[in-house]
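Heads up, the sequence shown is in the numbering used here, so the first residue is 7 and it goes up one at a time.
The beta-carbon is built from N, C-alpha and C at its ideal position, and this holds for glycine as well.
To start, the structure itself, in structure tokens.
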Amino acid sequence: GNTVIIKPSDHTPLATLRLAEIVFDHFPPGVVNVVTGRGDRVGEALVEHPDVPLIAFTGSTAIGQRISSLAAKRIKKLHLELGGKDPFVIAPDADVETAAEAVAYSALLNAGQVCTSSERIYVPEQMSQAFTGALVDFVRSLRLGPGLERTTDIGPMAAPAFREKVASHVAEAKAKGAKVLTGGQAPAKLDQGWFYEPTVLTNVNHSMIIMREETFGPTIPIMTYRTFDEAIELANDTTYGLGACIRTNDARLVKRFFEEVKAGTIWINDPLTDNYAGPFGGMKMTGGGRELGEEGLEGFLETKHVHWDFDDTLKDYWYPY
């Protein structure tokens, strides 16, 4: 049958181990297995093992490229869900207050440590000031703190390297002329844990790392556009293609958005909502294959053609002619 070996992230293995404990109670021994350890040791050993026919990986583009290289030696099937730099387009008809809260949720959920976080925000020029003001006010009202406390809105980063990456992206943007409206540093009052303040930036452009590479942290860089054509062009100006969000009730804009934006999942007015009945995956450098839904299940199967002739007599198309 379809037995699996799960290799959790070495940064956050405990949640996966707890889930595995629950799964073990409902499957025969050996069907679901868990192996922990570093990716460059345990992970690579699993990828290269001749008895592992398929690799499904969620993580960085760099590691995905490494896995692709190793798997190619044995022509293994791959499902790769790699980096993302998801756009969120605010259409001219959107309500400013609601759009601001939608962006805050889609950019700051889990401190921005979500593969489908909205990391590039595009707003019409004429509503930029009102939207930015509403967003900054709302973001400043959010509460940072330990993730297990019920009063916490935004928790810490998962590792010090993650926070350093966020800080470097913000610093590079500021050096190139970006303006930080709120946040932009580690909070002084929370020195136990790798916290970073939710950060709103304006005056950004696509020459900046924060608009090109996956930040994976609590940043909201805002860029303006003049026409919807420009908004779609900006949304597609990325090497990634995981997800994309839009805020509008204009059906014409919705149709153009989901037809023209190159992303595996399109959210309309309801960002980052999971639907386990639907396929999930990306395009371009985000990877290939799909998880979830019928497509996700079929991806873990091998298609086999069985030809059975119940008539065992000689065939007139056999030799001799």
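Distance between K82 and Q71 (C-alpha atoms, nearest Å): 14 Å
Looking at the secondary structure, which residues open and close the alpha helix (DSSP H) in which L114 lies? V102 to L114
Taking 8 Å as the limit between beta carbons, can you name the residues of its chain near V10, skipping five residues before and five after? V37, V38 and N39
Could you pull out every residue in the same chain whose Cβ sits closer than 8 Å to the Cβ of V260, ignoring the five residues on either side in sequence? I252, T254 and I274
Helix or strand or just coil, what does DSSP make of P130? strand
Alpha carbon to alpha carbon, how far is F234 from V58? Give it in angstroms, no decimals. 46 Å
Which residue wins for smallest C-alpha separation from E342, given the options F286, V186, G189 and T122? Outside the modelled stretch of the chain, which goes from 7 to 327, sits residue 342, for which no answer is possible.
Roughly how many angstroms separate the alpha carbons of E178 and F222, rounded to a whole number? 16 Å
DSSP beta-bridge partners of K185: T208
Let me make sure I understand the geometry here. Which of H85, L141 and E131 has the alpha-carbon closest to that of A108? L141
Spatial distance of A21 from S15 (CA atoms): 10 Å
Can you tell me the Cα-Cα spacing of F63 and D318, whole angstroms? 47 Å
Member of S147, N209 and G183 whose CA lies at the smallest distance from the CA of A110: S147
Please tell me whether I238 and H175 are closer than 8 Å, where the distance is taken between their beta carbons. no
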